[in-house]
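In the order they appear, the protein sequences are chains A and B.
Going by this note's numbering, the residue at position 206 of the first sequence is 206; the numbering climbs one at a time, nothing skipped.
In this note's numbering, each residue carries its 1-based index in the second sequence increased by 1000.
We put the beta carbon where it would ideally sit given N, CA and C, even for glycine.
Have a look at the structure below before the remarks.
Protein chains: 2
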Amino acid sequence: MKEKEFISIIKNTLKSEYIGDDCAYLKDLGIVVTQDSLVEDVHFLRKKITPFQLGYKSVMVNISDIAASGAEPKYLTVSLSLPQDIDNKFIEEFYEGCKKACSESIKIVGGDITGGDKIFISVCAIGSTAGRKISSRKNAKVGHKIIVSGLHGSSGAGLKLLLEEKNKPEKFIKAHLEPKAQVEFGKNIAITVKQDYAMMDTSDGLMDALSIIANESGVLLDIDFDKIPHDKDLEQFENWQNLVLFGGEDYQIVAAVAQDCPFGAVIGEVKEGLGVNLKINGTVEHFTKEDVENKIFNHWENNK
Amino acid sequence: MKEKEFISIIKNTLKSEYIGDDCAYLKDLGIVVTQDSLVEDVHFLRKKITPFQLGYKSVMVNISDIAASGAEPKYLTVSLSLPQDIDNKFIEEFYEGCKKACSESIKIVGGDITGGDKIFISVCAIGSTAGRKISSRKNAKVGHKIIVSGLHGSSGAGLKLLLEEKNKPEKFIKAHLEPKAQVEFGKNIAITVKQDYAMMDTSDGLMDALSIIANESGVLLDIDFDKIPHDKDLEQFENWQNLVLFGGEDYQIVAAVAQDCPFGAVIGEVKEGLGVNLKINGTVEHFTKEDVENKIFNHWENNK
């Protein structure tokens, strides 16, 4: 848990009110901003991902954070550090991937490129808040319903297949390598909700997102596993329920919104208490913040 | 020159009108944005810089780019990739350095932290364009005067001393390790100029900046070396004129502005032609774009 320890040191040092959500909401400028990095051998293996997929993913990760804030993704900057053996073709395909992830209305407007021992990618994304109500993890209220934008577990299954050198079912591999940020879903919520709401993407896993919303808002999320949308073919995988809950990188959106919100699949409700109650396999399991942190895939410790 | 080759591929792939200046000017949002990275063993050696200085410099580099665009530096995000042997003290001191570089009105509002083999820092900075006229490298016009905000060569001298394991004169080492972005200078220009102007910082060296402005604007810059402000003690260094011209990392500002601009030290004038004419040691030397590119310190090739 070194990463979380470091973040708490950063918070104490900077005493910034902004650090907490994936995006910082800069009200005076009418924008949100987020930055995320992908490091070779930590977040990806060069042999397991094409330059196109790497560019695509680097950009999509950040667009997803903007979408989950409720803002409209607009601009990105891309910073690249590359080893000497990278050739022109890599660069070209990488940026083709970036472009593909961007859609018409999102533009890459800058960044830099430097040398390095390994591939390091850091993308900064900016979204416009005009006409949008912006979310916060702290906004879940008792009585809210919990909704998700789509399927969970597919990306985790894809990663599993890739690590086992398998290439089928292709849909899972595609879900892992070319996830799609839920831009329309985020927009629908942000332009229709009237009251405060909590929303984030499930890049680090559904349970991670649920636990963060619960603990940042000081509430209990009552979740019914059977209501979480997942691909039926996932059930062939060993520990498939873990993939749904902890798999991560599906880049779906989870939100705690007022009951009258017409979007998403309802998977539970906000109650008084703290943490997550998960109804699964006929029992109810309680997850504290620590329980969830100990089960999730941690980039820091699993890869070094 | 692999870096420049890559940038041209990126430009061709993205077909973005934004890539060119250090900052992208996003008119619809009233902001400029820039991103710059510092990589261990490419831009700095861990043994030669303290965590405080590293944090300070990472932030200052980006504030300097915003200042040189004419915008008001407002917000930053900081992305860090860190090896396992980095301890809490490093993080604390690094962010103390970041904070020190920020001043009251500039805030760090986000970023992320991940594992990695080497230290990799990527900072994104956002500036507000309200009440400012924003610069572009393409704006130098015949008849403009060329001005600089302050001393050149001190930082390069400091780097030289550090590499030779010397620690005096301290002023040069400080100039290298704790450069100061010319925020006030940038502001003065941007709130007073009436006509288009060209401005950039001299982070990659004064000649590099002059050459870029000349070539992007399609003009000749006529420069008098004797008018370039430099510390007199610099003259003790071997090839000290090279330090002034190519040393880099002074983070001063150079601009091509109308004759009535009351700020800065005048070092030359914009004429018809292309490139840079440098009056030095009693002769006039002409520098094409390629001449300058071949003389400047190139992070890519010198360090790998």
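With respect to the beta strand (DSSP E) encompassing residue i, which residues constitute its N-terminal and C-terminal limits?
{"i": "LEU1220 (chain B)", "result": "1220-1224"}
{"i": "CYS1124 (chain B)", "result": "1120-1128"}
{"i": "PHE1044 (chain B)", "result": "From DSSP, PHE1044 (chain B) is part of no beta strand (DSSP E); its letter is neither H nor E."}
{"i": "ASP1036 (chain B)", "result": "1031-1039"}
{"i": "PRO73 (chain A)", "result": "72-82"}
{"i": "GLU285 (chain A)", "result": "283-287"}
When DSSP labels each residue in this structure, what does residue i get in the three-state scheme?
{"i": "TRP1300 (chain B)", "result": "Only weak support is given to the placement of TRP1300 (chain B): the predicted model assigns it a pLDDT of 40, under 50, and the question is left unresolved by the model."}
{"i": "TYR1056 (chain B)", "result": "helix"}
{"i": "ALA67 (chain A)", "result": "helix"}
{"i": "ILE1228 (chain B)", "result": "coil"}
{"i": "ILE1010 (chain B)", "result": "helix"}
{"i": "GLU17 (chain A)", "result": "coil"}
{"i": "VAL96 (chain A)", "result": "Residue identity check: residue 96 (chain A) is Glu in the sequence provided, not Val. Note: GLU96 (chain A) maps to helix in three-state DSSP."}
{"i": "ASN1277 (chain B)", "result": "strand"}
{"i": "GLU293 (chain A)", "result": "helix"}
{"i": "ASP1028 (chain B)", "result": "helix"}
{"i": "ASP1196 (chain B)", "result": "coil"}
{"i": "GLU1269 (chain B)", "result": "strand"}
{"i": "ASP201 (chain A)", "result": "strand"}
{"i": "ASP1022 (chain B)", "result": "coil"}
{"i": "ASP1233 (chain B)", "result": "helix"}
{"i": "ILE86 (chain A)", "result": "coil"}
{"i": "GLU3 (chain A)", "result": "helix"}
Pull up the distance between the alpha-carbon of residue i and that of residue j, whole angstroms please.
{"i": "GLY186 (chain A)", "j": "ILE31 (chain A)", "result": "15 angstroms"}
{"i": "GLU235 (chain A)", "j": "ALA265 (chain A)", "result": "20 angstroms"}
{"i": "LYS1166 (chain B)", "j": "ALA68 (chain A)", "result": "51 angstroms"}
{"i": "ASN215 (chain A)", "j": "LEU274 (chain A)", "result": "6 angstroms"}
{"i": "PRO1262 (chain B)", "j": "ASP1041 (chain B)", "result": "41 angstroms"}
{"i": "ASP208 (chain A)", "j": "ASP1085 (chain B)", "result": "27 angstroms"}
{"i": "ILE1010 (chain B)", "j": "LEU82 (chain A)", "result": "14 angstroms"}
{"i": "LEU1029 (chain B)", "j": "LEU29 (chain A)", "result": "7 angstroms"}
{"i": "PRO229 (chain A)", "j": "GLY1111 (chain B)", "result": "31 angstroms"}
{"i": "ALA1256 (chain B)", "j": "GLY1218 (chain B)", "result": "13 angstroms"}
{"i": "ILE189 (chain A)", "j": "LEU1163 (chain B)", "result": "56 angstroms"}
{"i": "ASP1226 (chain B)", "j": "LEU1026 (chain B)", "result": "38 angstroms"}
{"i": "SER64 (chain A)", "j": "GLU184 (chain A)", "result": "11 angstroms"}
{"i": "PRO179 (chain A)", "j": "THR1034 (chain B)", "result": "27 angstroms"}
{"i": "PHE1094 (chain B)", "j": "LYS1057 (chain B)", "result": "10 angstroms"}
{"i": "ILE1019 (chain B)", "j": "GLN252 (chain A)", "result": "31 angstroms"}
{"i": "ILE173 (chain A)", "j": "ILE134 (chain A)", "result": "32 angstroms"}
{"i": "LEU221 (chain A)", "j": "GLU1003 (chain B)", "result": "50 angstroms"}
{"i": "VAL148 (chain A)", "j": "GLU249 (chain A)", "result": "14 angstroms"}
{"i": "ASP260 (chain A)", "j": "LYS194 (chain A)", "result": "10 angstroms"}
{"i": "ALA1258 (chain B)", "j": "ILE1280 (chain B)", "result": "24 angstroms"}
{"i": "THR1129 (chain B)", "j": "GLY127 (chain A)", "result": "17 angstroms"}
{"i": "LEU245 (chain A)", "j": "ASN239 (chain A)", "result": "10 angstroms"}
{"i": "MET1 (chain A)", "j": "ASN242 (chain A)", "result": "Any reading at MET1 (chain A) is ruled out, since the residue's pLDDT is 43, under 50, leaving its predicted position unreliable."}
{"i": "ILE1091 (chain B)", "j": "LEU1054 (chain B)", "result": "11 angstroms"}
{"i": "THR1013 (chain B)", "j": "LEU1206 (chain B)", "result": "30 angstroms"}
{"i": "ALA1157 (chain B)", "j": "LYS1232 (chain B)", "result": "12 angstroms"}
{"i": "GLU104 (chain A)", "j": "LYS1074 (chain B)", "result": "28 angstroms"}
{"i": "GLU1017 (chain B)", "j": "ASP196 (chain A)", "result": "38 angstroms"}
Just to confirm before moving on: does the CB-CB distance between residue i and residue j stay below 8 angstroms?
{"i": "ILE1108 (chain B)", "j": "VAL1061 (chain B)", "result": "no"}
{"i": "GLU1096 (chain B)", "j": "PHE1052 (chain B)", "result": "yes"}
{"i": "LYS138 (chain A)", "j": "ALA71 (chain A)", "result": "no"}
{"i": "SER1203 (chain B)", "j": "HIS1176 (chain B)", "result": "no"}
{"i": "VAL1059 (chain B)", "j": "ALA1101 (chain B)", "result": "yes"}
{"i": "HIS1286 (chain B)", "j": "ASN1277 (chain B)", "result": "yes"}
{"i": "GLY153 (chain A)", "j": "GLY247 (chain A)", "result": "yes"}
{"i": "SER1211 (chain B)", "j": "LYS1289 (chain B)", "result": "yes"}
{"i": "ILE113 (chain A)", "j": "ARG46 (chain A)", "result": "no"}
{"i": "LEU80 (chain A)", "j": "ILE121 (chain A)", "result": "yes"}
{"i": "CYS23 (chain A)", "j": "ILE66 (chain A)", "result": "yes"}
{"i": "ASP224 (chain A)", "j": "GLY268 (chain A)", "result": "yes"}
{"i": "ALA1140 (chain B)", "j": "VAL1284 (chain B)", "result": "no"}
{"i": "SER136 (chain A)", "j": "ASP36 (chain A)", "result": "no"}
Given 7 angstroms as the limit, tell me if residue i has its C-beta closer than that to any heavy atom belonging to the ligand SAM.
{"i": "ASN167 (chain A)", "result": "With respect to the ligand SAM, the structure shown offers nothing to examine, as it has no ligands at all."}
So the alpha helix (DSSP H) residue i belongs to, where does it begin and stop?
{"i": "ILE1189 (chain B)", "result": "1183-1192"}
{"i": "SER1211 (chain B)", "result": "1206-1217"}
Mind pulling the beta strand (DSSP E) runs of 3 or more residues that sit fully within the stretch 1101-1181 of chain B? Qualifying beta strand (DSSP E) stretches, in chain order: 1107-1115, 1120-1128, 1145-1148.
Curious, which full-length beta strand (DSSP E) runs of at least 3 residues does the stretch 239-267 of chain A contain? 253-257
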